[in-house]
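Residue numbers (my numbering): 12 to 229.
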């Protein structure tokens, strides 16, 4: 039986009010490595240390939105060589159903994860496999416990014929989560018709799905 490692990160905020500054989408992206991928993790650590040696401070790890163009280029180059499987799901918040709006932000969070995970876990694993889900923890302490519960509940629903082990970790501790972040960032830029010079070479070749169940945001 196989061991599958699924690294997950989210994009956007949970604000469905349409207020200025709120993100157009909320969604999840995953990077999947099968079996022993210790060398990939080591390469990620090496790159982070090399960047620090050159004066790039990374106490919170790599984050595509905040990293410089030069840093992004190096990260995307490494991602291209490692070539994990990528999948993304984006919910256009302006098209959210009334019941989702009424239920509040964590309903949106859980629904986005449910729509993503229930499909992807079936595609990347088989009955009897063990799937390790390493998900980035929310940075807001107020919502972290609720988010963990939402992730766990969805994972449990898919654990009928395979073992699913949920690990909710700070993104800075996990190269795999940072890879998922980079893939999600690049895919969202393309979705929103913004430039991303690394998408075609580093992400698109192994991007297996971009699911938009609520259509496109205007």
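C-beta atoms are modelled at their ideal positions from N, C-alpha and C, and glycine is treated no differently.
Since residue 96 sits in a beta bridge, which residues does DSSP pair it with?
43
Take residue 65 as the anchor and find which of 51, 81, 75 and 160 has the nearest alpha-carbon.
If we check each option's Cα against that of residue 65, 81 comes out closest.
Buried or exposed, going by whether 16 or more other CB atoms sit within 10 Å of the CB of residue 149?
buried
Tell me which residues share the same chain as residue 161 and place their Cβ nearer than 7 Å to its Cβ, disregarding the 5 neighbours each side in the sequence.
Cβ neighbours of residue 161 beyond the five flanking positions: 117, 120, 121 and 124.
Just to confirm the assignment, what range does the beta strand (DSSP E) spanning residue 60 have?
Per DSSP, residue 60 belongs to no beta strand (DSSP E); it is in the alpha helix (DSSP H), 49-64.
Where do the ends of the alpha helix (DSSP H) carrying residue 192 lie?
186-202
So the candidates are 158, 141, 62 and 110; which of them puts its Cα closest to the Cα of residue 44?
141
Spell out the partners DSSP gives residue 180 in its beta bridges.
147
Comparing C-alpha positions only, which one of 139, 180, 108 and 91 sits nearest to residue 54?
91
How would you label residue 78, buried or exposed, when you count the other beta carbons within 10 angstroms and need 16 or more for buried?
buried
Provide the residue span of the beta strand (DSSP E) that contains residue 219, from first to last.
Segment 218-222, the beta strand (DSSP E) holding residue 219.
Could you check what DSSP says for residue 120 in three-state terms: helix, strand or coil?
helix
Note down the Cα distance separating residue 95 from residue 228, rounded to an integer number of angstroms.
Approximately 28 Å between the Cα atoms of the pair.
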